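Protein chains in written order, with our numbering: chain A, 1 to 179; chain B, 1001 to 1179.
For each residue, glycine too, the CB sits at the ideal point set by N, CA and C.
Everything numeric in this text was worked out from a predicted model, so none of it was measured.
The structure appears below as structure tokens.
This is the structure we're talking about:
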């Protein structure tokens, strides 16, 4: 394995921000050459696919500034300090859709491992019970209800672009079909 | 829709790097409040799941410095200027595994839309023909051959963490099961 491993030589934090930091480190490659590694530090997040007892899923529509596009995504948010990911998932589900439910883990994703260290914990929520929606101040979202069968088509037809959402839907769809 | 849309007020590029730039923009929220948006500019990438006529998939094992971990991923690389994504996919497949094949599109992923503008184009390669491996200089990878049936288990058991890889495998698995 050692012939694949890079070692940190010098760490540089070039930017410390609200949701991300930028690191540009000098590293030593397996062949002894030097290189730089540019990447984002992120505290990690949790996301949850909510499915009600009638087979409907709930997404949030949100403007994503980096793409200048409205995207459909499962409810998600950043981990708070020291918090277990399932706590984040339960909180974000409640804040963004008003639902509580039975929340179970469905894997962890590394969204784009070349330049971020974010770990994104995925959950599925079933047996949903409705409460009040309470989004963060200055968070602008719309909840979209869609039958799972249609949402699976949205993924395979390319209407869903967000990676965590496509993953959660396909994993649920594949597991449901397997039996 | 307008009640969800944020507008750019002032753009700031804080870092221009080799693979990413860092932008920290002042924006105007739908309610008129100001906010900042921190995100990465990335030129986009392409990735390809290669499956041979015996039902084996080919992954690359690679050290990913942001996680300080060895990850298993489908072959992938950055788009070169003005290049169609399928050209990138064909090139990276050849460089990293030595294969050429029949490369077909399988969607586009937005890996983590809160803080990057990367678009990642996904392909599947079948009818593989073997040639020479020719990785980039200073790229250290190992090719791993695995039956698709086992790779699907690796995804559902959490051994595959890379988002593009999990997506491509699940999409192929779901579509294959569908008929």
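| said: I need the boundaries of the beta strand (DSSP E) containing residue 1046/B, first residue and last residue. | reply: Locating residue 1046/B in the second chain gives position 46, counting from the first residue. Unbroken beta strand (DSSP E) run through residue 1046/B: 1045-1050.
| message | Among the candidates 1124/B, 1027/B, 1118/B and 1083/B, whose CA atom is the shortest distance from the CA of residue 1052/B? | response | Here residue 1052/B refers to the residue found at position 52 of the second chain. Taking only the C-alpha atoms, the option nearest residue 1052/B is 1124/B.
| query | Helix or strand or just coil, what does DSSP make of residue 67/A? | reply | Counted from its first residue, the first chain places residue 67/A at position 67. Residue state, collapsed to three classes: coil.
| If you measure beta-carbon to beta-carbon, which residues of the segment 1055-1074 of chain B are closer than 9 Å to chain A? | 1061, 1062, 1063, 1064, 1065, 1066, 1067, 1068, 1069, 1070, 1071 and 1073
| field | residue 119/A in three-state terms, based on DSSP | value | Against the first chain, residue 119/A aligns to sequence position 119. Assigned with DSSP and collapsed to three states, residue 119/A falls in coil, not helix or strand.
| task | Could you check which residue in 1048/B, 1090/B and 1043/B has the C-alpha nearest to that of residue 1082/B? | result | Counting from one through the second chain, the residue named residue 1082/B turns up at place 82. Checked all of 1048/B, 1090/B and 1043/B; the closest Cα to residue 1082/B is 1043/B.
| task | Indicate whether at least one CB of chain A lies closer than 8 Å to the CB of residue 1099/B. | result | Counting from one through the second chain, the residue named residue 1099/B turns up at place 99. Output row for residue 1099/B: interface = no.
| query | Are residue 50/A and residue 101/A close, meaning C-beta to C-beta below 8 Å? | reply | Within the first chain, residue 50/A is the residue found at index 50, counting from 1. Within the first chain, residue 101/A is the residue found at index 101, counting from 1. For residue 50/A and residue 101/A, yes; Cβs fall inside 8 Å.
| query | Can you round the beta-carbon distance between residue 18/A and residue 1038/B to whole angstroms, since I take them to be within the 8 Å contact cut? | reply | By one-based count along the first chain, residue 18/A stands at place 18. By one-based count along the second chain, residue 1038/B stands at place 38. About 6 Å; that satisfies the 8 Å criterion.
| said: Quick check: what's the CA-CA separation for residue 61/A versus residue 98/A? | reply: Translated into positions along the first chain, residue 61/A becomes position 61. Translated into positions along the first chain, residue 98/A becomes position 98. Whole-angstrom Cα-Cα distance: 15 Å.
| Minimum C-alpha distance to residue 12/A - residue among 6/A, 25/A, 2/A and 5/A | Along the first chain, read from residue 1 onward, the residue named residue 12/A stands at position 12. Ranking the options by Cα distance to residue 12/A, first place goes to 25/A.
| message | I'd like to confirm the pairing. Which residues does DSSP put opposite residue 1028/B in its beta bridges? | response | Stepping through the second chain from its first residue, residue 1028/B is reached at position 28. Answer by DSSP bridge pairing, in chain order: 1007/B and 1034/B.
| message | Below 9 Å on C-beta distance, what does residue 1108/B contact in chain A? | response | Mapped onto the second chain, residue 1108/B falls at position 108. Here the neighbours are 158 and 161.
| field | Residues, ordered as in the chain, of the segment 121-148 of chain A that lie near chain B by beta-carbon distance below 7 Å | value | 138, 140 and 142
| query | Quick one: is residue 1171/B near chain A, going by C-beta distance under 8 Å? | reply | Here residue 1171/B is taken as the residue at index 171 of the second chain, counted from 1. Yes, contact with chain A.
| What's the gap between the Cα of residue 1118/B and the Cα of residue 54/A? | Position 118 of the second chain, counting from 1, holds the residue named residue 1118/B. Position 54 of the first chain, counting from 1, holds the residue named residue 54/A. Cα-Cα distance, rounded: 35 Å.
| task | Please compile the residues from chain A whose C-beta is within a distance smaller than 7 Å of the C-beta of residue 1082/B. | result | Your numbering for residue 1082/B matches position 82 in the second chain. Under the 7 Å cutoff, chain A gives no residues; its nearest Cβ is about 20 Å from residue 1082/B.
| field | Close beta carbons around residue 1030/B, own chain, < 8 Å, minus the five adjacent residues each side | value | As a first step, residue 1030/B is located in the second chain; it is residue number 30 there, counting from the start. For residue 1030/B, where only same-chain residues beyond five positions count, the Cβ hits under 8 Å are 1002, 1003, 1004, 1005 and 1006.
| request: Could you check the C-alpha separation between residue 79/A and residue 96/A for me, to the nearest Å? | output: Here residue 79/A refers to the residue found at position 79 when the first chain is read from its first residue. Here residue 96/A refers to the residue found at position 96 when the first chain is read from its first residue. The alpha-carbon atoms of residue 79/A and residue 96/A are separated by roughly 15 Å.
| task | Mind listing the chain B neighbours of residue 118/A? Cutoff is C-beta to C-beta under 7 Å, in chain order. | result | Here residue 118/A corresponds to residue number 118 of the first chain, with the count starting at 1. Simply 1112.
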